[in-house]
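Residue numbers (our numbering), protein chains in the order written: chain A, 434 to 765; chain B, 434 to 765.
2 protein chains.
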Amino acid sequence: MASIKDVAELAKVSRATVSRVLNETGQIRESTRACVHEAMKKLNYRPNPLARSLATSSSNTVGLVVTSYRGSFFSELMAEVQESVDQQGKLLLVSRAHRSRDTELRAIERLKDMRCDGLILHARNLYDEELRVLAEDKTPFILLDRQVEGLEDRCVTFDHAEAGRMAVNHLIEHGHQKIACLAGPRKRLTAQLRFQGYQRALREHGIEPDESLVAEADYDRIGGRRAMAEILARHSDITAVYSCSEEMCVGAFDLFRERNITVPGDISMVSFDSVDVCTILTPAVTTVHFPIKEMAVRASAALSALLNQQTLPAPEIFAPQLRLRHSVRTLD
Amino acid sequence: MASIKDVAELAKVSRATVSRVLNETGQIRESTRACVHEAMKKLNYRPNPLARSLATSSSNTVGLVVTSYRGSFFSELMAEVQESVDQQGKLLLVSRAHRSRDTELRAIERLKDMRCDGLILHARNLYDEELRVLAEDKTPFILLDRQVEGLEDRCVTFDHAEAGRMAVNHLIEHGHQKIACLAGPRKRLTAQLRFQGYQRALREHGIEPDESLVAEADYDRIGGRRAMAEILARHSDITAVYSCSEEMCVGAFDLFRERNITVPGDISMVSFDSVDVCTILTPAVTTVHFPIKEMAVRASAALSALLNQQTLPAPEIFAPQLRLRHSVRTLD
DNA sequence: TTGTAGGCGTTATCAT
DNA sequence: ATGATAACGCCTACAA
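Spelled out as structure tokens, the structure:
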């Protein structure tokens with residue numbers, strides 16, 4: 434591979450000059466510029482980004498931290514970030530954080546080691562304080578789906594509790610009282626919020642939440658099926674279900690199909706959803722939409738603005754949105 | 434950030450020694466090793482991978498080239514590769530090639546510029562010859578879902594034509610004769626193969642393929658819906674559909690639902706599938722499974738073997754597999 | 001076992 | 001407008 438030195442020699446100039454035409458910096462005579470360009474073509478020269486990074490300690494690279502690679506949620510999230518980063522002419526580095534503070538820290542470090550220009554963090558376990566400390570040093574970052582005091586302008590968030598409340602409200606307004614909840618892992622903050630929304634909606638209508646109507650799963654399909662089975666074993670007379678993820682909703686439908694339970698005939702359903710899986714089900718399921726794609730795009734844009742020293746767009750809290758479909762029956 | 438130099442000074446040794454303990458190379462007295470380690474801890478030293486790459490021209494990085502980031506197929510493909518690369522302790526760089534030879538070449542170059550140790554290519558447009566030429570130079574690569582003469586041991590492939598034949602055969606064996614085809618983009622080789630499988634199955638049973646039973650789409654949901662509508666406009670009496678992608682199948686179901694067409698009552702369906710979307714539909718759709726996930730894992734493993742100079746596992750042609758579900762009715 | 005010194009390919013600061 | 005030259009942080013002969 435030809436290096437800048439080869440180009441310099443062939444063009445009979447110094448490496449500095451080649452560097453200048455390369456970066457269009459400084460003043461260069463048109464003739465020498467042409468000469469250099471010719472030499473570059475002739476040698477099929479490609480600048481070495483690693484060397485450049487070493488010299489500038491920046492890398493034209495964006496880092497993304499996620500807790501998992503699996504499942505359509507993360508897949509689409511990564512794809513979306515990939516897309517926008519790509520459009521900014523940068524490369525994306527993704528690093529997985531698994532499920533602890535420690536591994537999240539490591540994931541971030543790997544990315545900083547690579548001198549990423551900026552980071553997008555979908556970090557679930559770090560303490561707010563750690564994040565604030567992190568914000569002190571060089572590498573700028575955006576927090577995806579997380580609210581941290583003092584870092585509001587770096588947060589792209591969603592109101593999970595309100596979303597949950599809306600979903601369950603919808604059910605109650607249609608006459609449902611005995612509403613089951615397929616909940617996410619309790620130790621995840623957003624799962625808690627979604628659950629709180631459920632409780633809040635019930636209480637607002639004078640219904641006391643009943644723990645035995647709730648079952649927990651890891652947001653996944655088979656977990657959802659199992660959780661649904663658990664609840665039905667305890668209460669065969671529920672009239673509605675509030676699912677905290679689309680995959681759990683699919684799992685519940687698996688069970689319904691097996692047992693010839695019809696939706697919304699026997700049971701009404703409202704689910705969280707972020708990649709429109711619920712529209713594939715029959716009937717299409719009414720959802721509260723968690724716009725992870727839009728949020729991902731927003732995060733990339735915000736980071737880009739940060740990197741270019743532009744004024745940050747106002748921090749945005751994405752609003753939940755009810756998407757009415759055909760899975761809710763009006764009870765009389 | 435502390436550099437190797439700082440560590441050396443603090444430990445009162447040379448940078449070479451630090452480098453040695455870092456890479457566990459050469460012989461070092463236990464006491465100095467300890468000393469160096471201590472210095473590293475004290476300074477919270479982290480080696481700079483960029484500098485290392487520059488020096489060794491290798492980067493502990495794997496590159497992946499895809500034609501698109503969108504859609505569950507690519508999402509899951511990337512996630513899967515991400516997972517295995519991650520487990521090898523490496524970082525993944527993904528680059529998009531869009532839809533032409535030229536852009537594919539560029540995508541590959543970007544990755545080579547970054548000195549990726551190896552590449553996984555899902556390259557659709559490069560000529561076989563170009564790939565062979567590419568194989569000459571340093572960076573090793575694996576071809577995903579593509580067969581190239583002379584590079585057989587670097588190919589992880591799937592028999593699309595046979596898969597298509599199996600699918601349509603299944604339909605014919607259940608008494609169907611007038612079988613529509615939701616085809617992928619003709620200019621893509623694998624789409625052609627899937628289509629050829631359709632033709633072959635028909636001919637083997639003495640049915641002459643009828644172009645008006647075929648409609649093309651870009652493997653996507655709305656395209657599938659439109660294509661299905663086109664065919665139905667021409668032939669309202671088809672009894673079965675062969676869909677070349679799961680998303681098109683979902684699109685067709687969208688139409689069916691609108692028009693109260695039942696599956697398999699009115700129309701039977703067999704579809705290609707790679708991420709099990711078809712099991713979400715009602716009824717669950719019988720599919721030929723295109724095991725992209727397994728293939729992605731295989732590709733990563735093969736690349737890893739290549740990188741470690743291990744003997745390559747025998748090249749594998751993944752076999753199509755019919756997954757019987759409930760979307761095919763037996764015609765009498 | 002350890003140190004010296006040159007190189008990896010750029011950028012950037014001075015001069016000229 | 002251009003050229004030396006010293007970083008950037010690490011690796012690796014070659015010496016000692």
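Note that CB positions come from ideal geometry on N, CA and C, so glycine has one too.
Taking beta-carbon pairs under 7 Å, can you tell me which members of the region 694-723 of chain B lie near chain A?
If the cut-off is 7 Å between Cβ atoms, the region 694-723 of chain B has V710, I713, L714 and T715 near chain A.
is_contact[R627/A, chain B] using C-beta, thresh 8 Å:
Using beta-carbon distances, R627/A does not count as an interface residue toward chain B, since no partner is under 8 Å.
The ligand HEM heavy atoms versus the CB of A734/A: any closer than 7 Å?
With respect to the ligand HEM, the structure offers nothing, as it holds no ligand at all.
Using 8 Å as the threshold, is the C-beta distance between E513/B and V730/B below it?
The beta carbons of E513/B and V730/B sit closer together than 8 Å.
Alpha carbon of E542/B to alpha carbon of I553/A, nearest angstrom
Roughly 26 Å separates the two Cα atoms.
Taking C-beta pairs closer than 8 Å, name the residues in chain A that Q515/B reaches, listed in chain order.
Result: Y502, M511, V527 and R529.
Selection from F686/B, R690/B, S701/B and E679/B that minimises the alpha carbon distance to D670/B
Comparing alpha-carbon positions, the option among F686/B, R690/B, S701/B and E679/B lying closest to D670/B turns out to be S701/B.
Evaluate contact between the region 501-518 of chain B and the region 480-490 of chain B, counting only Cβ atoms and requiring at least three cross-stretch pairs below 8 Å.
The region 501-518 of chain B vs the region 480-490 of chain B: no contact.
With 8 Å set as the bound, which would you pick, yes or no: does the beta-carbon of F574/B sit closer than that to a beta-carbon of chain A?
F574/B does not count as touching chain A.
At least one CB of chain B closer than 8 Å to the CB of N558/A: is that the case?
Answer no: the Cβ-Cβ gap between N558/A and chain B never drops below 8 Å.
At a CB-CB cut-off below 9 Å, which residues of chain B make contact with L524/A?
Neighbourhood of L524/A in chain B, by CB distance below 9 Å: L526, V527, S528, R543, L544 and M547, in chain order.
Should V446/B be flagged as near chain A, meaning a C-beta pair shorter than 8 Å?
Using a CB distance cut-off of 8 Å, V446/B does not count as an interface residue toward chain A.
With 9 Å as the limit, tell me which residues of the region 456-483 of chain B have their beta carbon closer than that to any beta carbon of chain A; keep them in chain order.
Near chain A, meaning a CB-to-CB distance below 9 Å, the residues of the region 456-483 of chain B are R479, P480, N481, P482 and L483.
Can you find a C-beta in chain B that's less than 8 Å from the C-beta of S491/A?
Using beta-carbon distances, S491/A does not count as an interface residue toward chain B, since no partner is under 8 Å.
Report the start-end ranges of each beta strand (DSSP E) in the region 501-537 of chain A that is 3 residues or longer and not cut off at the edges.
Counting whole runs of 3 or more residues, the region 501-537 of chain A contains the beta strand (DSSP E) stretches 524-529.
DSSP bridge partner residues for R756/B (one or two, in chain order):
Residue pairing by DSSP places R756/B opposite T720/B in a beta bridge.
By the 9 Å beta-carbon criterion, what residues does the region 672-695 of chain B contribute toward chain A?
Correct list: V683, F686, D687 and R690.
Just checking my contact of L510/A with V498/A at CB under 8 Å: how many whole Å lie between their CB atoms?
11 Å between Cβ atoms; not a contact.
In DSSP terms, what S676/A is bridged to
According to DSSP, which records beta bridges pairwise, S676/A is partnered with L615/A and S704/A.
Have a look at Y560/A, K523/A and G522/A and flag the residue whose alpha-carbon is nearest the alpha-carbon of D535/A.
Comparing Cα-Cα distances from D535/A to each of Y560/A, K523/A and G522/A, the minimum goes to Y560/A.
Is L526/A near G496/A, with beta carbons less than 8 Å apart?
The Cβ atoms of L526/A and G496/A lie closer than 8 Å to each other.
Go ahead and label N456/A buried or exposed: buried means 16 or more other beta carbons lie within 10 angstroms of its beta carbon, across all protein chains shown.
Looking at its Cβ environment, which holds fewer than 16 other Cβ atoms inside 10 Å, N456/A is exposed.
Taking the alpha-carbon of P642/B as reference, which of E680/B, F506/B, P753/B and Y675/B has the nearest alpha-carbon?
It is Y675/B.
Do T719/B and L757/B have their C-beta atoms within less than 8 Å of each other?
Yes, they are a contact pair.
Are R466/A and G459/A close, meaning C-beta to C-beta below 8 Å?
Taking 8 Å as the Cβ cut-off, R466/A and G459/A do not qualify as a contacting pair.
Quick check: what's the CA-CA separation for R619/A versus A662/A?
One C-alpha to the other measures close to 19 Å.
Could you tell me which chain A residues have their CB closer than 8 Å to the CB of D653/B, listed as they occur along the chain?
Those do not exist, as D653/B stays about 13 Å from chain A at its closest Cβ, beyond 8 Å.
Residues of chain B with CB closer than 9 Å to the CB of D519/A, please, in chain order.
Under a criterion of Cβ atoms nearer than 9 Å, the residues of chain B adjacent to D519/A are, in order, Y502, V527, S528 and R529.
How is the beta strand (DSSP E) around T590/B delimited, first residue to last?
T590/B -> beta strand (DSSP E) spans C588 to F591.
Who are the neighbours of F591/A on chain B, taking C-beta pairs under 9 Å?
Near F591/A there are no residues of chain B at all, since even the closest Cβ is about 20 Å away, more than 9 Å.
Reduced DSSP category for V498/A - H, G, I as helix; E, B as strand; rest coil
For V498/A, the secondary structure class from DSSP, reduced to helix, strand or coil, is strand.
Nearest by alpha-carbon distance to I747/B: which of V721/B, V589/B and K571/B is it?
Note that residue 747/B is Ala in the sequence shown, not Ile. Measuring from the Cα of A747/B, the nearest candidate turns out to be V589/B.
V761/A - containing beta strand (DSSP E), residue span:
Counting along the chain, V761/A falls outside any beta strand (DSSP E), and DSSP gives it neither H nor E.
Distance, Q629/B Cα to S737/A Cα:
Each residue's alpha carbon lies about 46 Å from the other.
Any idea what DSSP makes of E569/B, helix, strand or coil?
When DSSP states are grouped into helix, strand and coil, E569/B belongs to the coil group.
V708/A vs E679/A beta-carbon contact at 8 Å:
Taking 8 Å as the Cβ cut-off, V708/A and E679/A qualify as a contacting pair.
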